[in-house]
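**Q** Per my numbering, residue 9 is the first one in the sequence shown, and the count goes up by one each step.
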Amino acid sequence: MTKFIIRDILLTALVLLLFLIGTENTIMQILMGLGIGLVIYLVHEWSHYLGAALTNAKFKTASALYSPFLFSFDSNANSYRQFIDMSWPGFAATLTCLAILYLYTSDMLWAEVACIAALVLGAFTLLVEGPIFLWALIRQEVPAVEIPLLGVNPVLQSLMKEITKWRH
Numbered sequence: 009m010t011k012f013i014i015r016d017i018l019l020t021a022l023v024l025l026l027f028l029i030g031t032e033n034t035i036m037q038i039l040m041g042l043g044i045g046l047v048i049y050l051v052h053e054w055s056h057y058l059g060a061a062l063t064n065a066k067f068k069t070a071s072a073l074y075s076p077f078l079f080s081f082d083s084n085a086n087s088y089r090q091f092i093d094m095s096w097p098g099f100a101a102t103l104t105c106l107a108i109l110y111l112y113t114s115d116m117l118w119a120e121v122a123c124i125a126a127l128v129l130g131a132f133t134l135l136v137e138g139p140i141f142l143w144a145l146i147r148q149e150v151p152a153v154e155i156p157l158l159g160v161n162p163v164l165q166s167l168m169k170e171i172t173k174w175r176h
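Right under this line is the structure:
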């Protein structure tokens with residue numbers, strides 16, 4: 009995880025550097041806004057990771073630095089409680105970041121871009137992760153959430169087997 013810590017600290021420092029430069033340049037303003045969106049995404053992902061790590065959950069760490077995900081949660085090896093405790097911190101972090109962005113927004117272009125980026129990320133979280141989390145709460149079971157290429161997703165494997173059967 010050290011390489012991801014270094015990567016994300018450097019990305020966050022770059023965003024802070026853009027603010028210190030504080031230019032009125034349109035391209036720099038857009039980069040600042042996108043950078044804030046990126047930092048919010050990183051806070052969301054690290055919150056999921058900390059939730060998983062603090063509950064001693066089993067997961068596979070991403071290997072490539074360009075991976076947008078830090079890890080893939082092992083649905084078969086972890087408990088329902090570990091899934092819940094891995095999930096909710098990401099939602100809480102996103103909601104907190106959106107609230108801070110809303111409360112401390114500027115009338116500059118970077119703030120508008122940051123709001124759009126944060127809302128897109130928030131909508132993605134709500135539309136993709138939200139139903140999975142609700143399904144787990146209702147069914148009281150761990151859904152298959154392994155990330156393809158990082159973990160082995162049993163639902164995806166079953167679907168691929170069915171497609172293969174259908175094609176033959």
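Note that beta-carbon positions come from the ideal geometry of N, C-alpha and C, so glycine has one too.
My guess is that residue 130 and residue 106 are in contact by the Cβ rule of under 8 Å, so how many angstroms apart are they, rounded?
**A** Counting from one through the sequence shown, the residue named residue 130 turns up at place 122. Counting from one through the sequence shown, the residue named residue 106 turns up at place 98. Between residue 106 and residue 130 the Cβ distance is about 6 Å, and since that is below 8 Å, they are a contact.
**Q** Using 8 Å as the threshold, is the C-beta distance between residue 49 and residue 79 below it?
**A** Residue numbering aside, residue 49 sits at position 41 when the sequence shown is read from its first letter. Residue numbering aside, residue 79 sits at position 71 when the sequence shown is read from its first letter. Not closer than 8 Å, so no.
**Q** Please report how far the alpha carbon of residue 208 lies from the alpha carbon of residue 13, in whole angstroms.
**A** Outside the displayed span of the chain (9 to 176) sits residue 208, for which this structure offers no information.
**Q** Using the rule of at least 16 other Cβ atoms within 10 Å of the residue's Cβ for burial, across every protein chain shown, is residue 40 buried or exposed?
**A** Counting from 1 along the sequence shown, the entry for residue 40 is found at position 32. Classification of residue 40: buried, given that the 10 Å Cβ count is 16 or more.
**Q** Please go through the same chain and pick out, in chain order, the residues whose beta-carbon is closer than 8 Å to the beta-carbon of residue 159, but skip the five residues on each side of it.
**A** Translated into the one-based positions of the sequence shown, residue 159 becomes position 151. The pLDDT assigned to residue 159 is 49, lower than 50, so where the model puts this residue is not dependable, and the model offers no usable value.
**Q** Could you check how far apart the C-beta atoms of residue 65 and residue 94 are, in whole angstroms? I think they sit under 8 Å.
**A** Within the sequence shown, numbered from 1, the residue matching residue 65 stands at position 57. Within the sequence shown, numbered from 1, the residue matching residue 94 stands at position 86. Confirmed, Cβ separation roughly 6 Å.
**Q** Rounded to the nearest angstrom, what separates residue 47 and residue 103 at their Cα positions?
**A** Working through the sequence shown from its first residue, we reach residue 47 at position 39. Working through the sequence shown from its first residue, we reach residue 103 at position 95. Cα to Cα, residue 47 sits roughly 14 Å from residue 103.
**Q** Tell me the rounded alpha-carbon separation between residue 175 and residue 11.
**A** Position 167 of the sequence shown, counted from the first residue, corresponds to residue 175. Position 3 of the sequence shown, counted from the first residue, corresponds to residue 11. About 42 Å.
**Q** Just to confirm, is the Cβ distance from residue 38 to residue 117 under 8 Å?
**A** For the purposes of this step, residue 38 is taken as the residue at position 30 of the sequence shown. For the purposes of this step, residue 117 is taken as the residue at position 109 of the sequence shown. For residue 38 and residue 117, yes; Cβs fall inside 8 Å.
**Q** Straight-line CA distance for residue 27 to residue 169?
**A** Walking along the sequence shown from the start, residue 27 turns up at place 19. Walking along the sequence shown from the start, residue 169 turns up at place 161. Going by the C-alpha atoms only, they are around 50 Å apart.
**Q** For a quick check, are the C-beta atoms of residue 91 and residue 150 less than 8 Å apart?
**A** Mapped onto the sequence shown, residue 91 falls at position 83. Mapped onto the sequence shown, residue 150 falls at position 142. Taking 8 Å as the Cβ cut-off, residue 91 and residue 150 qualify as a contacting pair.
**Q** Would you give the residue range spanned by the beta strand (DSSP E) that residue 68 belongs to?
**A** Position 60 of the sequence shown, counted from the start, is the residue given in the question as residue 68. Residues 67-69.
**Q** Determine the DSSP secondary structure at residue 83, reduced to helix, strand or coil.
**A** On the sequence shown, position 75 is the one that residue 83 refers to. Looking at residue 83 - three-state DSSP - the assignment turns out to be coil, as it is neither helix nor strand.
**Q** Could you give the DSSP three-state label for residue 57: helix, strand or coil?
**A** Counted from its first residue, the sequence shown places residue 57 at position 49. In the structure shown, residue 57 sits in a helix (DSSP, three-state: H, G or I).
**Q** Helix, strand or coil: which one does DSSP assign to residue 128?
**A** Against the sequence shown, residue 128 aligns to sequence position 120. Helix at residue 128.
**Q** Assuming residue 5 is part of the alpha helix (DSSP H), what are its boundary residues?
**A** Residue coverage of the chain in this structure runs from 9 to 176, which leaves residue 5 outside it and unanswerable.
**Q** Considering Cα atoms alone, identify which of 87, 32, 146 and 45 is closest to residue 23.
**A** Residue numbering aside, residue 23 sits at position 15 when the sequence shown is read from its first letter. Closest by alpha carbon: 45.
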